[in-house]
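What follows is a short report on a single structure.
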Amino acid sequence: MNILNFFIIIPLLTVGGILLTKDLKQSRLVSAIGMGAQLILAFVLVYLYLSERSAGNTEPMLFMFDVVWFPSLNIHYAIGVDGISVAMIALTGLVVFAGIFASWKMEYLPREFFISLIILATGVFGFFISIDLFTMFLFYELAVIPMYILIGIWGSGPKEYSAMKLTLMLMAGSALLLVGLLGIYFFSAPDGNPLTFNIMEISKVVIPIEIQRFLFPFTFIGFGILGALFPFHTWSPDGHASAPTAVSMLHAGVLMKLGGYGAFRVAIFLMPEAAHEQAWIFLILTSISVVYGAFSAIVQKDLKYINAYSSVSHCGLVLFAVLMMNQTAMNGAIIQMISHGLMTALFFALIGMIYGRTHTRMINEMGGLMKVIPFLGVVYVIAGLASLGLPGFSGFVAEMTIFVGAFQHVDVFHRVITIIAASSIVITAVYILRVVGILLLGPIKNDHFLHLDDAKWYERISTITLVLAITAIGTAPWWLSNMINYSLAPIVERLSAIQITGLF
Amino acid sequence: MNFSDILIMRHELMLTVLALVVLIIDLNLHNRDKHLIIPITLALFFIHTVVGFMPSQPGILFGGMYRTNALLLMMKNILNVGVLIILLQSVTWLKKEENREKISEYFILLFTTLIGMNFMISSGDFLMFYLGLELATIPIAALAAYTHHQTKSAEAGIKLILSSALSSGILLFGISLIYGATGSIYFDSVMQHYANTPMQVLAFIFFFTGMAFKLSLVPFHLWTADVYEGAPINVTSYLSVISKGAAAFILIILMFTVFNTIAPIYNHMLYLIAVLTMTIGNLFALRQKNMKRFLAFSSIAQAGFILLGILGGNTMGMTSVIYFVLVYIFSNLGAFGVVSAISTVTGKETMDDYDGLYSTNPKLSLLMMLSLFSLAGIPPVAGFFGKFFLFASAASAGYYWLVFIAVLNATISLYYYLLVVKAMFINKNEKPLAYFKSDLATRTGLVLSGLGIFVLGFWSQIYEIINSLSFGILH
Amino acid sequence: MIQNIPLSYFLVISTMMFFIGIYGFLTRRNLITMLMSVELILNSVNINFVAFNRYLYPQQLQGHFFMLIVIAVAAAEAAVAIAIIINIYRNFKSIDVENVDEMKY
Amino acid sequence: MADYTYTILIPLIPLFVFLFLGLLGHKMKPFVTGLIGSTGLGISAILSYATAYRYFIGAHVAGTGYTSIKGFEVVWLHLTEKLTIHLGVLLDPISVMMLVVVTTVSWMVHIYSIGYMKGDPGFYRFFSFLSLFSFSMLGLVLATNIFQMYIFWELVGVSSFLLIGYYYEKPSAVAASKKAFIVTRFADLGFLIGILMLSFNTGTFDFQTLTDPHGPAIASAGGAAFMGMSVLTWSLIFIFVGGAGKSAMFPFHIWLPDAMEGPTPVSALIHAATMVVAGVYLVARLFPVYALGAPDALMVVAWVGGFSSILAAVIACTQTDIKRVLAFSTMSQIGYMMLALGVSGYGGEEGLGFMASNFHLFTHAMFKALLFLGAGAVIHAVHSNEISGMGNLRKHLPITHITFLIACLTIAGIPPFSAFFSKDEILVAAFHSNKLLFAIEYIVAGLTAFYMFRLYYGIFWGKNTHYHHTPHEAPKVMTIPLMVLAFGSVFAGFIPFHNLVTSDGKGFESHIDWMIAGPSVLIGVLGIVIATVMYKKENALPNKVAGTFKHLYKWAHHKFYWDEVYLFVTRKIIFRYISEPIAWFDRHVVDGTMNGIAGIIQYAAYAIKGLQSGRLQQYAFVFVSGAVVLVLIFIYLV
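Protein chains in written order, with the working numbering: chain S, 1236 to 1739; chain U, 301 to 775; chain C, 2 to 106; chain D, 49 to 686.
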């Protein structure tokens, strides 16, 4: 049995297991075991992947598994991973694992909560292992829809509104995406071969350029909406603000990465010619995302909003780098996805934990928390520093790879826009320090806060897992970077086959 | 023609016998034992459904008026399964005191319409088609008016019968012109002679409006909501699922065979009507509070999606339409089954009554949610596959913008489906509907539709069978 | 004798009947009258069938049979419709179509 | 070639100490943590001295120039085919010199802090942060490539942030740390852009390649130009922006005075001796590129340095917080160093300014750390920063008094104290380059002597202040570092820098030019005399003088309102006129559009409800019209 299938089977078994449980204690235990197994599996996969590579396996995709599903349409259940998806899978495993522990005290309808959460995770895992566009799309939608329930039932604030907005905007995104995918499918075999949804097959042919011009915006924006592309990002602040902790973690940490990953793996990889032509439009949009998100975050008062806008900014950087279409920038984009996934998950976990104690997320109602909850405070500072791109944490590696890569572009326009995007690192520092300053430092504003408890063991597991991952990438980025680079090489080769012409 | 030849009409014959048997049993039962009809009929219909799946020879009867082949059999079987589920879901309602004297009427009328649909699907000429159509429509009007004492039910009946009379009048006018133009009412010879002249386009449009009426496509849909709301819930589900499914089947057969020559014209028309139907259906569904009416409009919007498959104009299109109808039957029956179960036990039919349903009736809520997701086209339930294949077939003909509009409409539809999900799962309610346990038949019906929703999508074999059969018809 | 009357006369008559029927259906308030209007439509169809058959395809009988069946179905339809109209009368105490609008929007 | 692999331990030991204390420190006794921190740094310091000895004397072949040696290097991150980030150890005269400076001061500060921070609840935290800083600073100093430097550049920034905000319950400390971080971060953006441009043009991050006179960097000087200056010049100016930010040069100087909110040992270590000179070190590191490839950029360095030095000196004369006076003095002295670099040429005697700058950096580290630690001892004794709360402390704090006086004499450039030599070289270099800058430096020399002695008299002489409890001398653990540094301040001037630390690695002959040194000493003495007249005994003169130069005094006292300008830019422009409108735009326009679409759909749903009127005949009418419209369209239009 192919190892990748277990990424679908284990969550499904876990869901089955939760169905048998009766109360919170049992269901969270089952979830933790299931997702712990999933995390271990993810690391096993990383190990197997690396050993395959070092054994000299040069196939672009490893652990391929292919079953014909709908023969008449040539739809396959085709899975396989390269370094990029392996990295994303490891990220997902980490975030889901941390998410389970962050929702250790989910009193209200716990079984339903964990089931929905794990179904969401299943969708994400499935998305990352798919190399068939159909299954990819299926898993994509599967990942999106539990969000409604999760936010709607367990959320806070205007949760119905936010959940609805999020779901509908993402579904509208998938409307665009569907058009793009169908178009790719019907032009996947210009020379009379059977049509195919298989990404690797499609990448071998060149879709006619005029078709690409039509399909690329659909596909890119379709994925871009999930990746919080300006101006389609507004589901993100409301959605994140209303979502329960683990859902925010998973959503910002993993689900938004589906957008970046898809934009890269589908839109740009399969339609590079149109991507080259139209990149400048989206580069402008993404660099707006980057700067705009950061500026918006400065004046927010709700912790989750701050983080949501920060996610807009960081995810904008992912799409920005992907559009630069050279190896280094794309490598940076992938690292940024992983890094942002971990950081933002950590942030949301912490916000949830702080909220659980103070019952407010308004920063101006809090202050001096460092004194009473030092563990959470310190981890928050670490998350903040990681987020503003401090060396030693993953954010720095990602951002620097992106900036250096993007700046290697031959075109002056791209270099100028890189500088604009790079200016976000200052703005990021402003809002991160503002929050840290108001929230954690200074005198304690409210006497009720004097008796808060510091993190419980399950909260520590949740946060320490993420912190370890962030620092591991931040201090030893080479293995991740090399893993990604290896898999990027064939992709970039395809991209660079196209004559690049400067815009100005 | 000998006896064994006539057996290729197995479905129709058995149903006729079934209707007669029900009648005879009814005559021989004492008034207080009338409810015994229910299990007997269910058992008999179950046998009928199972027998229907036995392979049969393709063939032609009555000089070409009646024809049958594997694909048509499959369509009939699909309808049979749907009807079986509906019958299961109606048991509780039929057992009510007020319906005691009319139980057999319900079955007989239902079977009669099913016979009509079977004939309609198997028709080889316009005469048989017309007969089947009327046989499938007129008894439903009686069924819609089934509850004598309710004004709404009577209103539904009159609206249905008069609208359908008008529409079949127009349809007939179309047929008469077709006859005038081609000199035949047989599909095969009409197909060979059909040409793109103004008169024949006119004839086609008149004919098409009749079909559009059955499928409730905008702007020929206005009867739908009122009739659905007024009719007893199980009749509504029958109307929205079986009747519509049969109409879709015959429409796609006719479009792909008889009228294939004017496809360039009707494609434009279908495009326009598809957009209108999806959009207007959705817009009306948005603000409905009555569950039946809500599902009525949602089913109008669904009909718009079916046209996408017809627009595909190839095997894929045909397969996707049949497959979609199959999926749609199960999804809609899931939803209607829940509404019916709740309405029969509590009499509550508005969306607000569903607030907090999950806390008291979690299984019903889950089934409802899955059915609605299936209707909206959300994986992993079958509706996703159904919609995806429809869109794929439209895209195969190059209708990308139409696909885009359709998916946006699916998004809008997701909004109102989610409103129901929200009511059941999220909205707080001081006094949610009390917990109740449905009887065995209802539960079986619900479980069947729930299973269908799950199995149909992942089990690609079904799609492949339909595909190979469609391929056989079209080539 | 019939040869002196061109086909188009029949068609004009039938078309007029068709539209009169539709007009009647749209304007008459009485449900029975609306039903009668439908009969007009159906009869116009019958004329069409018979005329086409007789003039264009005299060697066959498809049109005639179609006409016969339409008449029969129309009768059945009328029967059910009138039964429902009686039901309407019981419930609404009127057979004015304007009153039958309890369900809307 | 000698093996220098062990040098990697110099930064790594503080790193381990940091991790150890950071993770486990809260379980240990405070004194133990202090001891661990000091010991760790001590080992690093000794290793550094050994390295310096080996590099300059032990393993050096006499008569040859000092070459740069990579003691250690690993690949950290592979970016593009050409660009790779390495982490490693680069040894050359300036880095070895900096090693000595950093480890010495840091060690002293560690020891001093054991006494100074006694009783503080966050003792272990303080020491772990100090170790983190030392690690970062050493990593910066030893960087083999510009990207490694950037990495550690950011790390020193954050350790500075953490240490300034050490008293995190004090709002002013929090604000100061935030300000320091953001201002330097902004400047770092310039640094980053500079790195990007430089690496794009040269295809390398490596210092050895970059500074090679025949390497790609200098060769690219004639490349594409933008606004009259070559891309190389622009990239070096951007890099200098980063350096100016860290070194508190105008206009990024505003964070430095506020940074004095941190504990005094921190100020001594980070904001006087080491981190703030990182900018100087950066320019010195890239000096061949500046000098040979982009003289225009070097002029910018010179003028920014010169202007900063006089600006800071003027402001320092009016401040009353002793640490702030020292902060502005630091800024002024760093301005000196920048100026020296800016006026320097490359190679041999031409590189006098380069040598002088590094020389001054070295001596400055000693005396400024001494001044700060002395001030710390004073603050420790009187629990106040304000000069008005002090006076006549010389009897209570004899050791502090003497060491402080030595430091003051040193900074005033009085021979034979060390700064006399280094400052003199700077003046010579300036004299040969630009007379105006030279004049500025003369004035600054006088002002320096004046404000330092104003401070000195204000603390140790002046009025008889009444103290709540008698101030007493600091414990040994604090005074010993003072004495060590005082020793350094006095004798560091005799180190033959012109043989050791030069722009091209080759030594040259240097001698004291009394034509320049003489007047500068006189000016210094003049400053001291004026200060003595005004501040030795309490009198009305200072107020009178302040009254005479009312406006100048007021402006200088308010630091020329630069803080207000920044506040205006951040609060008003960024917050109110950029961020808030963007946030508003996002909520109301972008999101409003999305909600608007939903609203339109809802509205449409209500608008068309009349279609479903419930009236059968209307339905029929729509039905028939639908058919008719279809007929019209498809028969007549299509």
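Glycine is no exception: its CB is placed at the ideal position from the N, C-alpha and C atoms.
Hey, does residue i have any beta-carbon neighbour from chain S nearer than 7 Å?
i, result
"U:P355", "no"
"D:A631", "yes"
"D:P219", "yes"
Is residue i buried or exposed, if buried means 16 or more other CB atoms sit within 10 Å of its CB?
i, result
"S:G1737", "Confidence at S:G1737 is low in this model, with a pLDDT of 44, below 50, so its placement is unreliable and the value that follows should be read with caution. Exposed, because fewer than 16 other Cβ atoms sit within 10 Å of the Cβ of S:G1737."
"S:Y1282", "exposed"
"D:S481", "buried"
"S:G1640", "buried"
"D:R502", "buried"
"S:A1556", "buried"
"S:F1458", "buried"
Kindly list the residues whose CB is nearer than 7 Å to the CB of residue i, restricted to its own chain and excluding five residues on each side of it in sequence; keep chain order.
i, result
"S:P1472", "Y1540, A1543 and Y1544"
"S:A1272", "I1245"
"C:D97", "R30 and N31"
"U:H311", "G352, K376 and N418"
Which of the three DSSP states, helix, strand or coil, is assigned to residue i?
i, result
"U:R367", "strand"
"D:L125", "strand"
"U:E312", "helix"
"D:Y490", "helix"
Among the residues of its own chain, which have a CB less than 6 Å from the CB of residue i, if the five just before and after it don't count?
i, result
"U:Y763", "Y623"
"S:L1385", "S1351 and V1482"
"U:L670", "V681 and I753"
For residue i, decide whether its Cβ has a neighbour in chain D, counting only Cβ atoms nearer than 7 Å.
i, result
"U:L466", "yes"
"C:Y24", "no"
"U:M569", "yes"
"C:K105", "yes"
"U:F630", "no"
Should residue i be counted as a contact of the ligand ADP given a C-beta to heavy atom distance under 6 Å?
i, result
"S:P1443", "For the ligand ADP, the structure offers nothing, since it holds no ligand at all."
Once you ignore the five residues that flank residue i on each side, which residues in its own chain have a CB closer than 8 Å to its CB?
i, result
"U:L702", "Y571, A574, V575, L608, L611 and A694"
Spell out whether any CB of chain U is found under 7 Å from the CB atom of residue i.
i, result
"C:A82", "yes"
"C:M35", "yes"
Output yes if chain C places a C-beta closer than 7 Å to the C-beta of residue i; else output no.
i, result
"U:I408", "no"
"U:E405", "no"
Quiz item: Relative to chain D, which residues along the region 524-540 of chain U have a C-beta separation below 7 Å, given in chain order?
Solution: For the region 524-540 of chain U, residues whose beta-carbon sits nearer than 7 Å to a beta-carbon of chain D comprise A525 and D526.
Practice problem: Please list the residues of the region 478-489 of chain U that have a C-beta atom closer than 7 Å to any C-beta atom in chain C, keeping them in chain order. | Solution: Within the region 478-489 of chain U, Y479, G480, G483, S484 and I485 place their CB atoms closer than 7 Å to a CB of chain C, listed in sequence order.
Quiz item: What residues from the region 636-669 of chain D come within 7 Å of chain S, judged by C-beta to C-beta, listed N to C?
Solution: Taken in chain order, the members of the region 636-669 of chain D whose beta-carbon sits within less than 7 Å of a beta-carbon on chain S are V638, D639 and M642.
Quiz item: Taking a cut of 9 Å between CB atoms, which residues from the region 718-732 of chain U lie near chain S?
Solution: Flagged, chain order: L718, L719, V721, K722, F725, I726 and N727.
Quiz item: If contact means a Cβ-Cβ distance below 9 Å, which residues of the region 1292-1326 of chain S contact chain U?
Solution: For the region 1292-1326 of chain S, the beta-carbon criterion of a distance under 9 Å to any beta-carbon of chain U is satisfied by V1303, W1304, F1305, P1306, S1307, L1308 and I1310.
Exercise. Taking a Cβ distance cut-off of 8 Å, strictly less, list which residues of the region 440-466 of chain U are near chain D, in chain order.
Key: Interface annotation for the region 440-466 of chain U against chain D: I458, K459, L462, S463 and L466, criterion Cβ-Cβ distance under 8 Å.
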